[in-house]
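**Student:**
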Amino acid sequence: MLSRYKIAVDEKENENKYSKANKPDIVVMDRAQSRVFLVDITIPHDENLVKAETEKKRKYLDLAHEIVDMWGVDSTEIIPIVISANGLIPVSLAHHLRQLGIRDGSLAARMQKAVLLDSARIVRRFLSLQP
85 MLSRYKIAVD
95 EKENENKYSK
105 ANKPDIVVMD
115 RAQSRVFLVD
125 ITIPHDENLV
135 KAETEKKRKY
145 LDLAHEIVDM
155 WGVDSTEIIP
165 IVISANGLIP
175 VSLAHHLRQL
185 GIRDGSLAAR
195 MQKAVLLDSA
205 RIVRRFLSLQ
215 P
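Heads up, the sequence shown is in my numbering, so the first residue is 85 and it goes up one at a time.
In structure tokens:
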């Protein structure tokens with residue numbers, strides 16, 4: 085029995101199919117609904133929050149159309165997950181998580197925390213460099 089979802093994360097087999105510029109971070113196929121989600125995660129600077137989300141949608145538009153034709157699914161949705169380096173999140177993040185069937189309200193806060201901790205680690209590493 086096949087499971088309803090097929091999830092691909094950084095699969096090596098996909099490297100030959102798509103150029104590096106058109107390779108989303110996560111691909112989720114919902115077999116029951118005959119649709120595919122292209123999920124791409126980005127952590128821009130605060131000023132580029134909205135621009136990053138728009139750019140991710142534009143970047144994968146051609147790939148989304150190709151997947152509908154190649155895989156024979158009914159639809160493909162592009163889901164940009166954007167959190168700024170300082171932890172800001174766009175209003176659309178909750179909607180994007182719901183599109184993926186994620187109803188956990190604390191997930192956005194946990195993602196923010198992970199980004200902030202990693203940003204702090206990068207700053208600490210930079211400040212500890214000896215000239």
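The beta carbon of each residue, even a glycine, is placed where N, CA and C say it ideally should be.
Given the structure is predicted, the values throughout are model-derived calculations rather than measurements.
Do the CB positions of Thr160 and Ala178 come within less than 8 angstroms of each other?
**Tutor:** The answer is no: Cβ separation not under 8 angstroms.
**Student:** Are the region 105–121 and the region 160–171 touching by the rule of at least three beta carbon pairs closer than 8 angstroms?
**Tutor:** Yes, since at least three Cβ pairs between the region 105–121 and the region 160–171 fall closer than 8 angstroms, the two stretches touch.
**Student:** Under a three-way DSSP split, which group does Ser203 fall into?
**Tutor:** In the structure shown, Ser203 sits in a helix (DSSP, three-state: H, G or I).
**Student:** On the three-state DSSP scale, how would you describe Leu191?
**Tutor:** Leu191: helix per DSSP, three-state reduction.
**Student:** Just curious, the alpha helix (DSSP H) that Ile151 is in, first and last residue?
**Tutor:** Run containing Ile151: Leu145 to Trp155, per the alpha helix (DSSP H) assignment.
**Student:** In this structure, how does DSSP classify Leu211 when only helix, strand and coil are distinguished?
**Tutor:** Looking at Leu211 - three-state DSSP - the assignment turns out to be helix.
**Student:** In the DSSP output, what is Val123 paired with across the bridge?
**Tutor:** Ile110 and Ile163.
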